[in-house]
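Step one of this worksheet: look at the structure below.
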Amino acid sequence: MRSLVVAPQWIGDAVMCEPLLAALASRGERITVAALPAVAPVFGAMPEVAEIVELPFAHGRLDWAERRRVAAGMRGRFDVAYVLPNSIKAALVPWLAGVPRRVGYDGEHRLVLLNERLRNPPGRPPMVAFYGALAGSSFDPTATPRLRIATGARDMALARAGLRNGGYFAFAPGAEYGPAKRWPAERYAALASSLHQRDRTPIALLGSPAERALCDAVAAAVSPGGACIVLAGTLSLAESMAIVASARGYVGNDSGLMHVAAALDVPQVAVFGSTSPLHTPPLSARAHVVWLKGELNLDCMPCFARTCRYGHYRCLTSVDSGRVGAALQEAMAEPD
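Following my numbering, the numbering of the sequence shown begins with 63 at its first residue and continues without gaps.
Below, the structure written as structure tokens:
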């Protein structure tokens with residue numbers, strides 16, 4: 063069975079579809095993933111993926127001519143397509159390519175584009191189960207995402223960053239979605255100072271080019287100076303994943319690298335604020351979540367908004383660095 067999987071556009075969602083791909087591969091399907099370049103490296107860390115096709119589409123645009131060109135190159139190659147995003151655009155290539163079975167959720171009124179459709183579940187279901195349902199009854203609902211980084215890729219990334227395997231902590235203080243998902247920079251700085259003062263362990267700060275200024279601000283606030291190595295904007299996603307894989311521990315917000323760390327079974331603490339760990343938790347026994355909904359009694363949690371409509375961001379500012387540091391020590395004590 064030759065299978066095409068149209069991938070989600072976000073890093074976290076890409077990680078969370080891995081159990082689906084593992085289920086498909088276990089029943090003999092040869093998997094080709096069609097993904098935007100921004101998430102394609104995630105699928106390179108999944109051994110069950112036989113081929114990756116990078117899609118040359120601009121985010122948010124129809125790119126009709128490009129979709130027809132890509133579809134022409136896929137015609138006759140696949141028996142089934144699994145369309146993971148809920149958009150009309152995501153379903154166009156398998157339809158244009160004439161893939162006989164096209165499986166996905168109802169999404170944006172895709173009656174013609176998909177011929178095997180699941181109803182959209184209410185609310186915000188756990189994403190692993192949401193994607194896994196596309197595999198039918200063969201999917202194990204207890205499955206969790208797993209990624210694998212080759213030793214050579216780790217060694218090359220470490221050499222480029224000037225780091226030693228297991229000799230640093232990795233922080234990712236950014237979140238592309240917006241400030242309502244970002245634990246304050248000064249709290250990251252306080253935690254980095256505490257960790258570094260304990261045994262001189264350096265802190266690697268990861269992120270996109272857009273998050274470079276944020277990481278610079280964290281590094282500047284850490285005492286003593288020079289404790290942080292700012293890597294934001296200097297590494298590819300594949301290299302950043304390798305740095306996470308080799309870290310002693312990881313701290314971040316509800317973001318893509320959080321899911322990468324969980325799938326690599328790296329000890330971590332994930333700080334949640336406006337979003338919910340019931341919807342997108344880091345799925346690892348070595349991942350500890352700090353979310354204060356039960357303590358703060360804020361009716362607005364979770365709001366899933368990009369910015370706080372009240373302007374106070376209490377769901378995040380109420381989380382102190384000592385609490386996260388203690389949770390990190392607990393995560394590191396978990397057996398691997």
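The C-beta atom is built at its ideal place from N, Cα and C for all residues, glycine as well.
Treat the numbers as computed from the prediction; the structure is a model and nothing was measured.
In this structure, DSSP gives residue 308 a state outside helix and strand, which the three-state scheme calls coil. Counting along the chain, the unbroken alpha helix (DSSP H) around residue 357 starts and ends at 355–358. When C-alpha distances from residue 394 are compared across 311, 243 and 345, the shortest belongs to 311. The beta-carbon distance between residue 211 and residue 303, rounded to whole angstroms, is 6 Å. This is short enough to meet the 8 Å contact definition. When secondary structure is reduced to three states using DSSP, residue 392 falls in the helix class.
Taking residue 164 as the centre and dropping the five residues before and after it, the same chain places the C-beta of 143, 156, 176 and 177 closer than 6 Å to its C-beta, in chain order. With the rule of 3 Cβ pairs closer than 8 Å, the segment 193–206 does not count as touching the segment 277–294. When only Cα atoms are considered, residue 202 and residue 70 end up about 21 Å apart.
Bridge partners of residue 233 according to DSSP: 267 and 313. In the DSSP annotation of this structure, the continuous segment of the beta strand (DSSP E) that includes residue 179 starts and ends at 178–180. By the neighbour-count definition (other C-beta atoms within 10 Å, threshold 16), residue 366 is an exposed residue. Listed as beta-bridge partners of residue 350 by DSSP are 331. Per the Cβ contact rule, the segment 317–328 is in contact with the segment 337–357 (3 or more Cβ pairs under 8 Å). Bounds of any beta strand (DSSP E) do not take in residue 260; it lies within the alpha helix (DSSP H) bounded by 247–261. Looking at the DSSP output, residue 65 shares a beta bridge with 93 and 142. Counting along the chain, residue 292 sits inside no alpha helix (DSSP H); it lies in the beta strand (DSSP E) bounded by residues 290–292.
At the C-beta level, residue 249 and residue 65 stay beyond 9 Å of one another.
The criterion of a C-beta distance shorter than 9 Å is not satisfied by residue 298 and residue 118. Exposure of residue 391 is indicated by the presence of fewer than 16 other C-beta atoms within 10 angstroms of its C-beta. Counting the other Cβ atoms within 10 Å of the Cβ of residue 174 gives fewer than 16, which makes it exposed. Three or more beta-carbon pairs separated by less than 8 Å are not found between the segment 212–221 and the segment 241–257, which leaves the two stretches without contact. Taking C-beta separations shorter than 7 Å and ignoring five residues to either side along the sequence, the partners of residue 160 in its chain run 137, following chain order. For residue 150, no beta strand (DSSP E) segment is defined; the enclosing uninterrupted segment is the alpha helix (DSSP H) at 150–158.
DSSP places residue 166 within a strand segment (E or B) once states are collapsed to three.
Within the model, the alpha-carbon separation for residue 166 versus residue 226 is close to 43 Å. For residue 112, no alpha helix (DSSP H) segment is defined; the enclosing uninterrupted segment is the beta strand (DSSP E) at 111–116. In the DSSP annotation of this structure, the continuous segment of the alpha helix (DSSP H) that includes residue 88 starts and ends at 80–88. Here the alpha carbons of residue 238 and residue 377 stand approximately 18 Å from one another. Pairwise C-beta distances place the segment 217–233 out of contact with the segment 344–360, as fewer than three of them are shorter than 8 Å. For the 9 Å CB-CB criterion, residue 93 and residue 116 do not form a contact.
Taking residue 170 as the centre and dropping the five residues before and after it, the same chain places the C-beta of 148, 149 and 150 closer than 7 Å to its C-beta, in chain order. In this structure, residue 106 and residue 317 do not form a Cβ contact; the two beta carbons are roughly 19 Å apart against a cut-off of 8 Å. Excluding residues up to 5 positions away in sequence, 266, 268, 305, 306, 309 and 312 lie with their Cβ nearer than 7 Å to the Cβ of residue 232 in the same chain.
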